[in-house]
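2 protein chains.
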Amino acid sequence: MTSAPIDPVKLDKLARVAIKVGLQLAEGRDLLMTAPMSAAPLVRRITEHAYKAGAGLVTTIYSDEEATLARYKYANDKSFDKGAARLYSGMAEAFKANTARLAISGDNPMMLAGRDPDKVSRANRANSAAYKPALQLITGFDINWNIVSYPNAARAKLMFPNDSEEIAVGKLADAIFKASRVDVDDPIAARKEHNANLKKRWSWLNGKNFASLKYSGPGTDLTIGSADGHRWKGGASEAKNGITCNPNIPTEEVFTTPHRLRVEGTVSSTKPLSHNGTLIEDMQARFEGGRLVQLKASKGRDIFNRVLDTDEGARHWAKWRWYPIPPRFRPRVCSSTTPSTTKMPPATSPWASAMPIASWAGRTSPRTRSSPRAATPPISISTG
Amino acid sequence: MTSAPIDPVKLDKLARVAIKVGLQLAEGRDLLMTAPMSAAPLVRRITEHAYKAGAGLVTTIYSDEEATLARYKYANDKSFDKGAARLYSGMAEAFKANTARLAISGDNPMMLAGRDPDKVSRANRANSAAYKPALQLITGFDINWNIVSYPNAARAKLMFPNDSEEIAVGKLADAIFKASRVDVDDPIAARKEHNANLKKRWSWLNGKNFASLKYSGPGTDLTIGSADGHRWKGGASEAKNGITCNPNIPTEEVFTTPHRLRVEGTVSSTKPLSHNGTLIEDMQARFEGGRLVQLKASKGRDIFNRVLDTDEGARHWAKWRWYPIPPRFRPRVCSSTTPSTTKMPPATSPWASAMPIASWAGRTSPRTRSSPRAATPPISISTG
Numbered sequence: 001m002t003s004a005p006i007d008p009v010k011l012d013k014l015a016r017v018a019i020k021v022g023l024q025l026a027e028g029r030d031l032l033m034t035a036p037m038s039a040a041p042l043v044r045r046i047t048e049h050a051y052k053a054g055a056g057l058v059t060t061i062y063s064d065e066e067a068t069l070a071r072y073k074y075a076n077d078k079s080f081d082k083g084a085a086r087l088y089s090g091m092a093e094a095f096k097a098n099t100a101r102l103a104i105s106g107d108n109p110m111m112l113a114g115r116d117p118d119k120v121s122r123a124n125r126a127n128s129a130a131y132k133p134a135l136q137l138i139t140g141f142d143i144n145w146n147i148v149s150y151p152n153a154a155r156a157k158l159m160f161p162n163d164s165e166e167i168a169v170g171k172l173a174d175a176i177f178k179a180s181r182v183d184v185d186d187p188i189a190a191r192k193e194h195n196a197n198l199k200k201r202w203s204w205l206n207g208k209n210f211a212s213l214k215y216s217g218p219g220t221d222l223t224i225g226s227a228d229g230h231r232w233k234g235g236a237s238e239a240k241n242g243i244t245c246n247p248n249i250p251t252e253e254v255f256t257t258p259h260r261l262r263v264e265g266t267v268s269s270t271k272p273l274s275h276n277g278t279l280i281e282d283m284q285a286r287f288e289g290g291r292l293v294q295l296k297a298s299k300g301r302d303i304f305n306r307v308l309d310t311d312e313g314a315r316h317w318a319k320w321r322w323y324p325i326p327p328r329f330r331p332r333v334c335s336s337t338t339p340s341t342t343k344m345p346p347a348t349s350p351w352a353s354a355m356p357i358a359s360w361a362g363r364t365s366p367r368t369r370s371s372p373r374a375a376t377p378p379i380s381i382s383t384g
Numbered sequence: 001m002t003s004a005p006i007d008p009v010k011l012d013k014l015a016r017v018a019i020k021v022g023l024q025l026a027e028g029r030d031l032l033m034t035a036p037m038s039a040a041p042l043v044r045r046i047t048e049h050a051y052k053a054g055a056g057l058v059t060t061i062y063s064d065e066e067a068t069l070a071r072y073k074y075a076n077d078k079s080f081d082k083g084a085a086r087l088y089s090g091m092a093e094a095f096k097a098n099t100a101r102l103a104i105s106g107d108n109p110m111m112l113a114g115r116d117p118d119k120v121s122r123a124n125r126a127n128s129a130a131y132k133p134a135l136q137l138i139t140g141f142d143i144n145w146n147i148v149s150y151p152n153a154a155r156a157k158l159m160f161p162n163d164s165e166e167i168a169v170g171k172l173a174d175a176i177f178k179a180s181r182v183d184v185d186d187p188i189a190a191r192k193e194h195n196a197n198l199k200k201r202w203s204w205l206n207g208k209n210f211a212s213l214k215y216s217g218p219g220t221d222l223t224i225g226s227a228d229g230h231r232w233k234g235g236a237s238e239a240k241n242g243i244t245c246n247p248n249i250p251t252e253e254v255f256t257t258p259h260r261l262r263v264e265g266t267v268s269s270t271k272p273l274s275h276n277g278t279l280i281e282d283m284q285a286r287f288e289g290g291r292l293v294q295l296k297a298s299k300g301r302d303i304f305n306r307v308l309d310t311d312e313g314a315r316h317w318a319k320w321r322w323y324p325i326p327p328r329f330r331p332r333v334c335s336s337t338t339p340s341t342t343k344m345p346p347a348t349s350p351w352a353s354a355m356p357i358a359s360w361a362g363r364t365s366p367r368t369r370s371s372p373r374a375a376t377p378p379i380s381i382s383t384g
């Protein structure tokens, strides 16, 4: 329905970059992909490039927004504590057999607006628990993995409210292509250059070994202590199977591990945050000793609070993921990072027809890699 | 793309019948559904009725014709010996946990026309092997299961070549609704009455205990010996979990177990046969001692022969499934069976985006239930 305004040449380039750089898919390797049904045009391009690269078997599991909504409209209460554990465990077995993982992110950020927050949070929790064995293999980099973005029509209309849906989708598509650096002649070379630039930055940060970072901006005055022995990373990552993948396309971030207890101050999001089909607006959070002590939001606060109740760790800064880092959240010590992008939220649930969008992706910091508990971030938030 | 000409009220009735009668889905039970993406309108109706009936979690795995074709166009040769074994085994685990199974049949019967028959048959074989653990739980009736049909546009054009695609799809939809008996006020009552009628017939046949059946028609002169102790069945079946399901909607058949060695003569199909995306036309087969000794076909003979090479048993009549039984194939002894319908081919592959359409369904006769080897029929054929 929204494929017309999306440039087919750039879409094909995005697919090629996802396979050649994002995954570095090796000959004979299987690929498991998840995507919303509306992203089928990109799925097909990626499938083609995967097979051209010598893939063994490419399997895509589509999610369907309407089916997810049917659950919220018609299912009885007990349904919301169920997750597709057995199907996910088949997925985990596939990863153990070195199947690569690709997720297309492109869901409606407003999908679950108006649904019962209790059901939403229980369904998210049940899904996270069911998905955990598979997710750990991803966030632990047992395999190479990649997330790419596709323009969702509802998201496009949120971002470009004054345009028709078709125009808005075209604009969002162009923004994704630009941020993903596939709007150039040689997107693979552009990605290498970008990775080299990111590496320059995180190498510099590693050299400095800052004890803390100070963030300031409208409604934000936050000091984050660095973990002892922290390391900065960004861009390409080597998975345990020896393949260097680019987990996120687009990505502008460099990231590290905060100190669990040394986070003090207030952070605000001046743009909407999207969490599994729920928008959270005008969010402001205050941290003391690394722990959230106050939360404000003009919309979505109830959902956010329930997410924070998932487990004790959820209120700790160290378990949060913020991406991208808009200019105003940029640490002062890092003066030359690239501008904020149209980064999408985490990947769809592989079984999203049966449940709301899951947060499988998540950045992993050096700390989370050595700490399995942190591998299932209770929240994954992106600025729209 | 083809939903406009499909009557939404009858489609909803079909979905309701699939859940209420086809599966008799019990409260709290999970449901695993497979469907081509083009059948999404029916998937959504079924999902709704499943949740209304108290389903736990409904999960749909969509297949995508274009992704399947991409494999045939671009994959390297080794890909065609691969099956999604680990994902299927997650599915088998779900069935062991009493998840009900529903398949929407509605693929393009010509999808793989012109593709390399060697690749098609190897991919089918690899898929069958991978799917076997899950399939055995279905054909062994460990769980309740059901197949319903959805009008595929390419099939509709094959059946109604002189109509526009839209008109053809509408006609095929109406034919499916009629054959499925959902074009009446109370389709659930109609299904009960139909089952009672089928039961009358198979009870009568059981009472007669015929030693053999003789079929005759254009190009057909065939005698099929009945297995010792054979029983006739049809319509509703009780699964081992105690639920009486209606595996096939529509269905007009009564079936039994042939004698392995006592099949003699020639059988012809005067309508096209569809096998996993390949059409076989003007097929004529001669049997001696229960075994195929000669095969003719004007189209698709190569694919058919490769199917027959799958294993030794493939050439035995006892491993064939014919459905529906058009009037001319009706056994003489059974004078009152209902007319041929627009029965679709077996269900799609759950992982069909990664492989061609699989034949998971298959009738089970009393013999196959006690004989696991026969539970994976190497061929499943339907008349178009």
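Protein chains in written order, with the working numbering: chain S, 1 to 384; chain G, 1 to 384.
Glycine included, every Cβ here is placed at the ideal spot set by N, Cα and C.
All of these numbers come straight from a predicted model, not from anything done at the bench.
Presumed contact (8 Å Cβ cut-off) between residue i and residue j, rounded CB distance
i       : j       : result
T266(S) : T310(S) : The Cβ separation is near 23 Å, so there is no contact.
G83(G)  : A130(G) : 3 Å
A239(S) : I143(S) : 6 Å
I6(G)   : P151(G) : 7 Å
F304(S) : L295(S) : 6 Å
W145(G) : L102(G) : 7 Å
Beta-carbon spacing of residue i, residue j below 9 Å
i       : j       : result
S164(G) : D107(G) : no
G235(S) : P109(S) : no
V263(S) : R291(S) : yes
G217(S) : S268(S) : yes
L261(G) : G289(G) : yes
G28(G)  : A55(G)  : yes
T34(S)  : A70(G)  : no
T59(S)  : L32(S)  : yes
S79(G)  : P133(G) : no
V21(G)  : N246(G) : yes
E65(S)  : M111(S) : yes
A26(S)  : I243(S) : yes
Residue environment, residue i, which counts as buried when at least 16 other CB atoms sit within 10 Å
i       : result
A385(S) : Because chain S here runs from 1 to 384, residue 385(S) falls outside it and cannot be looked at.
K13(G)  : buried
R16(S)  : buried
A75(G)  : buried
D30(G)  : buried
K10(S)  : buried
S203(G) : exposed
S298(S) : exposed
V293(G) : exposed
P8(G)   : exposed
A92(G)  : buried
K233(G) : buried
Contact test: residue i Cβ vs the ligand SAM heavy atom, cutoff 8 Å
i      : result
T59(G) : The ligand SAM is not part of this structure, which contains no ligands at all.
Proximity to residue i [Cα-Cα], best of the options
i       : options                            : result
A85(G)  : A50(S), D142(S), T99(S)            : T99(S)
P272(G) : R262(G), E264(G), M283(G)          : M283(G)
I19(S)  : H316(S), R291(S), I188(S)          : I188(S)
A168(S) : L69(S), K157(S), A175(S)           : K157(S)
K192(S) : Q24(S), D7(S), P8(S)               : Q24(S)
T251(G) : I147(G), A70(G), G140(G), Q294(G)  : I147(G)
S180(G) : S79(G), I249(G), L135(G)           : I249(G)
H194(S) : L205(S), N209(S), K208(S), K178(S) : K178(S)
Y72(G)  : S121(G), P41(G), A40(G), V43(G)    : S121(G)
A227(S) : N241(S), T244(S), N206(S), C245(S) : N206(S)
G140(S) : R45(S), S237(S), A26(S)            : S237(S)
N124(S) : R315(S), E312(S), R306(S)          : R306(S)
K96(S)  : G313(S), P117(S), L137(S), T256(S) : L137(S)
A209(S) : R231(S), G313(S), G114(S), G170(S) : Before going on, a small fix: residue 209(S) reads as Asn here, not Ala. For the residues R231(S), G313(S), G114(S), G170(S), the minimum Cα distance to N209(S) belongs to R231(S).
3-residue-minimum beta strand (DSSP E) runs that sit fully inside the stretch 53 to 80 of chain G, ordered along the chain
58 to 63
Enumerate, from N- to C-terminal direction, the unbroken beta strand (DSSP E) stretches of 3 or more residues contained entirely within the stretch 119 to 160 of chain G.
145 to 149
Curious, which full-length beta strand (DSSP E) runs of at least 3 residues does the stretch 234 to 268 of chain G contain?
258 to 268
Please give the ranges of any beta strand (DSSP E) in the stretch 146 to 231 of chain G, keeping only runs that are unbroken, at least 3 residues long and fully inside the region.
212 to 217, 220 to 226
Restricting to runs no shorter than 3 residues, where is the beta strand (DSSP E) found entirely within the stretch 14 to 60 of chain G?
31 to 36
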